[in-house]
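Numbering (UniProt numbering), first residue to last: 1 to 240.
We treat Cβ as the ideally placed atom computed from N, Cα and C, and that holds for glycine.
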Amino acid sequence: MELSSISEFGFETEEFLKRFTQLKNLKTTGCEELTSLWKSRNRWLQHHIGNSQSHFVQELVSLQQLHIIGCSTLISFPEVDLPPFLKHLKIESCSSLVYFTRSHMPLTLRRIEIGDCLELKSLVEGEASSSSSSSCLMNEEASSLEYLKIWKCPSLTSLLDRSQLPRALEQLFLWDCEQLESITDKFQDKTCLECVDIRRCPNLKSLPERMCYLTNLQKLYIFQCGSLVSFPRGQIQPPT
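Given below as structure tokens:
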């Protein structure tokens, strides 16, 4: 299903919600008044997922792919749990998005893509400014996340400050993030990571420690990262 340039619903709520029970793919484009994906007062998805009506999320029990494009006032995502079987989440051109999440991602989520979000500062609310670790993007051990791609997010300074990437992650792509200085503090042991692809991140200063534990790594591609001044000691040599 694709919804484009919608500010208000014109359907009877309950009758409309029934149609979402078996919905597997949802794409929204140009919903300019979308300010908080799962919580608001009078707008389409949010109106039915407010403080007392979070049952709407349960109506999307079959949703596997969610793609949001051009919602320029979207600033938060999400405040409640996402659909339980969501596998692929893609967000593009949401220019006011400041952080990705404040709550746990479903363990079934396998693919996250975020692109052209000019104000994105951190994947997790508070990671960029707080020492608290109460909010985390994912359960590092149990997460099924295999693919993470972020591109054209010029305000992003760090991918994860205090959290680590999940063991299941196989592919990591970071492109055109001009202010990105670090990815994460260190890699986990025995991670599944096979590909790390970093391009045009001119402020990236170092790679995570413990790269020697990336026993499955097949591709390390670094391009136009002029500030990269150190590689993990004794674990990898800079390209010549």
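Under the three-state DSSP convention, the category residue i falls into
{"i": "residue 195", "result": "strand"}
{"i": "residue 57", "result": "For residue 57, the predicted structure reports a pLDDT of 48, less than 50, and the residue's modelled location is therefore unreliable. A value from the coordinates is still provided. It is helical."}
{"i": "residue 115", "result": "strand"}
{"i": "residue 146", "result": "coil"}
{"i": "residue 100", "result": "strand"}
{"i": "residue 121", "result": "coil"}
{"i": "residue 91", "result": "strand"}
{"i": "residue 108", "result": "coil"}
{"i": "residue 65", "result": "strand"}
{"i": "residue 73", "result": "coil"}
{"i": "residue 39", "result": "Any reading at residue 39 is ruled out, since the residue's pLDDT is 43, under 50, leaving its predicted position unreliable."}
Nearest-angstrom beta carbon gap, residue j and residue i [assumed within contact, 8 Å]
{"i": "residue 110", "j": "residue 145", "result": "6 Å"}
{"i": "residue 176", "j": "residue 151", "result": "5 Å"}
{"i": "residue 186", "j": "residue 164", "result": "7 Å"}
{"i": "residue 191", "j": "residue 214", "result": "6 Å"}
{"i": "residue 95", "j": "residue 119", "result": "7 Å"}
{"i": "residue 157", "j": "residue 121", "result": "7 Å"}
Same chain, Cβ closer than 6 Å to residue i, five either side skipped, listed in chain order
{"i": "residue 221", "result": "197"}
{"i": "residue 88", "result": "65, 111"}
{"i": "residue 90", "result": "67, 113"}
{"i": "residue 173", "result": "149, 197"}
{"i": "residue 115", "result": "92, 151, 152"}
{"i": "residue 238", "result": "Here residue 238 scores only 44 on pLDDT, less than 50, and its place in the model is too uncertain to base an answer on."}
Test item: CB-CB of residue i and residue j under 7 Å
{"i": "residue 107", "j": "residue 86", "result": "no"}
{"i": "residue 117", "j": "residue 148", "result": "no"}
{"i": "residue 154", "j": "residue 181", "result": "no"}
{"i": "residue 204", "j": "residue 225", "result": "yes"}
{"i": "residue 184", "j": "residue 208", "result": "yes"}
{"i": "residue 75", "j": "residue 29", "result": "no"}
{"i": "residue 219", "j": "residue 195", "result": "yes"}
{"i": "residue 168", "j": "residue 206", "result": "no"}
Own chain residues within Cβ distance below 8 Å of residue i, not counting five before or after
{"i": "residue 24", "result": "62, 63, 64, 65"}
{"i": "residue 223", "result": "198, 199, 200"}
{"i": "residue 217", "result": "193, 194, 195, 196, 211"}
{"i": "residue 229", "result": "205, 206"}
Residues near residue i by beta carbon distance below 7 Å, same chain, minus five either side
{"i": "residue 227", "result": "202, 203, 204, 205"}
Residue-level contact to chain C via CB, residue i, 7 Å cutoff
{"i": "residue 215", "result": "Although the question refers to chain C, the structure presented lacks it and comprises just one protein chain."}
If you scan the stretch 158-230 from start to end, which runs of the beta strand (DSSP E) of 3 or more residues do you find wholly inside it?
171-175, 195-199, 219-223
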